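Read the sequence shown against this note's numbering and you will find it ends at 174, with the numbers running on by one and no gaps. Written out below as structure tokens is the structure these notes cover.
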Amino acid sequence: MTEKEVLEFIMRRRSVRKFTGEPVPKEKLEVLLKAAMAAPSARNRQPWEFLVLTEREKIREVCTAHPYAKFGVDAGAVIIPLGKPAGNFYFFQDMAAAVENLLLAAANLGLGATWCGMDEKRQDAIHPLLGVPQDYWIFAVIPVGVPAEHPEPRTQYDPAKVHWQRFGQHL
Ligand SMILES: Cc1cc2nc3c(=O)[nH]c(=O)nc-3n(C[C@H](O)[C@H](O)[C@H](O)COP(=O)(O)O)c2cc1C
């Protein structure tokens, strides 16, 4: 890949919040899960598991239980990365790496997706809907679908955020 192609691959990922309502083929969902599980994790503990929703009613229930994921009701699927954080300092970092891999794969398969973050209150709302055990932390809710909007690829590169050799020194 050229330098341009590498950046294009990465920048193709944007948050997509409008979907056609079409289903997402299981084969594509499996590619997303393979991409997620290719992520690095501390001591290679791979703390992730994934709950995949493709049934319309479940998708609706979960997306409407999250204050900022309501747009996901038209998604063809929802992927929910989750795992047990207890005793694993790196849990959240590992989970984030997996989610970013998944989002990059989705965008490059022509799918739209958005990472919707979770807090305590959202845990309590979504756990019972899906029968998730109490010792699991739902890391994110990710609506995935055929995109009905196409945000422009872009880097948000800002040289002021890059320090060369010592803090405060910019090119
Ligand atoms: C931890 C995290 C939580 C987020 N939560 C939400 C959310 O609840 N709802 C939403 O619509 N977008 C959410 N986003 C997406 C951000 O709004 C989005 O990434 C940001 O505006 C940059 O736009 P881009 O993803 O198109 O580059 C979240 C992103 C991250 C990384």
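Yeah, the Cβ is synthetic: ideal placement off N, Cα and C, and Gly gets one too. Here the structure is a predicted model, which means the values were calculated and not measured.
Please find out if some non-hydrogen atom of ligand 1 comes closer than 7 Å to the beta-carbon of residue i.
i           : result
residue 51  : no
residue 115 : no
residue 17  : yes
residue 72  : yes
residue 154 : yes
residue 20  : yes
residue 119 : yes
Using C-beta distances below 8 Å, list every residue in its chain close to residue i, excluding the 5 sequence neighbours before and after it, in chain order.
i           : result
residue 154 : 17, 18, 19
residue 41  : 104
residue 147 : 27, 32, 35, 78, 79, 80, 81, 82, 109, 114, 115, 116
residue 73  : 66, 67
With distances taken Cα to Cα, identify the nearest neighbour of residue i among the options.
i           : options         : result
residue 58  : 93, 144, 52, 76 : 76
residue 91  : 140, 38, 56, 40 : 140
residue 161 : 152, 174, 168   : 174
residue 79  : 41, 85, 88, 61  : 61
residue 149 : 107, 28, 11     : 28
residue 9   : 107, 95, 65, 64 : 107
Quick one: residues in its chain with C-beta nearer than 7 Å to the C-beta of residue i, no 5 flanking neighbours on either side, listed in chain order?
i           : result
residue 157 : 14
residue 31  : 112, 114
Which of the three DSSP states is assigned to residue i in this structure?
i           : result
residue 148 : strand
residue 38  : helix
residue 114 : coil
residue 89  : coil
residue 28  : coil
residue 81  : strand
residue 58  : coil
residue 155 : coil
What residues in its chain sit with their C-beta under 6 Å from that of residue i, if we drop five residues either side in the sequence?
i          : result
residue 93 : 45
Quick one: any contact between the segment 38–57 and the segment 17–24, if contact means 3 or more CB pairs under 8 Å?
no
Do the segment 69–87 and the segment 122–140 touch if we need at least three Cβ pairs shorter than 8 Å?
Yes: the two stretches touch, three or more of their Cβ pairs being nearer than 8 Å.
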